[in-house]
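All residue numbers in the sequence shown are consecutive under the numbering used here, ending with 115.
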Amino acid sequence: MNPDALRGHMDALLLSVLEHEPLHGYAIIEALQERSGGALAVPTGTVYPALRRLERVGYLASEWATVGGRKRRTYRLTSSGAKQLAGERSAWREFAEVIASVLEPGARRAEAAG
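Here it is, written out as structure tokens:
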């Protein structure tokens, strides 16, 4: 997938992956790949700075944990992050509908009539 297509959506993707359980950075990258059927191969140089930024603004919290015998920073979604994720999902749905109305105008009219 074109990395430019992810621009502006990385926060929502990361928050979504952390919605149900805390994960360390590499597990987050693996979850993105798994959920996308392998389409998202996001480099660590993109993920880790985004995680730190999301933590600074209060959407994530982190702590050190031992995972597989190694110390790793584990991230979890905060209540503020859950609210942000809900907003990101709503914005995504609106964005997708607008783009679909331009790319497939006939399909939208057919849905409205049905």
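For every residue, glycine included, the Cβ atom is placed at its ideal position computed from N, Cα and C. Please read these numbers as outputs of a predicted model, since none were measured by experiment.
Residues near Met-11 by beta carbon distance below 6 Å, same chain, minus five either side: Ala-51
Between the CA atoms of Gly-26 and Ala-42 - distance to the nearest angstrom: 13 Å
The region 81 to 88 touching the region 57 to 73, judged by at least three CB pairs closer than 8 Å: yes
Proximity winner among Glu-105, Thr-75, Ala-101, relative to Ile-140 (alpha-carbon distances): Residue coverage of the chain in this structure runs from 2 to 115, which leaves residue 140 outside it and unanswerable.
Coarse secondary structure for Glu-89, derived from DSSP in three states: helix
Straight-line Cα distance separating Ala-66 from Ile-100: 42 Å
Sheet register partners of Leu-78 (DSSP bridge): Leu-61
Candidates Leu-86, Leu-104, Gly-107, of which the one nearest Glu-20 by Cα: Leu-86
Burial state of Leu-104 (16 or more Cβ within 10 Å): exposed
For Arg-77 and Ala-62, believed in contact at Cβ under 8 Å, the rounded distance: 6 Å
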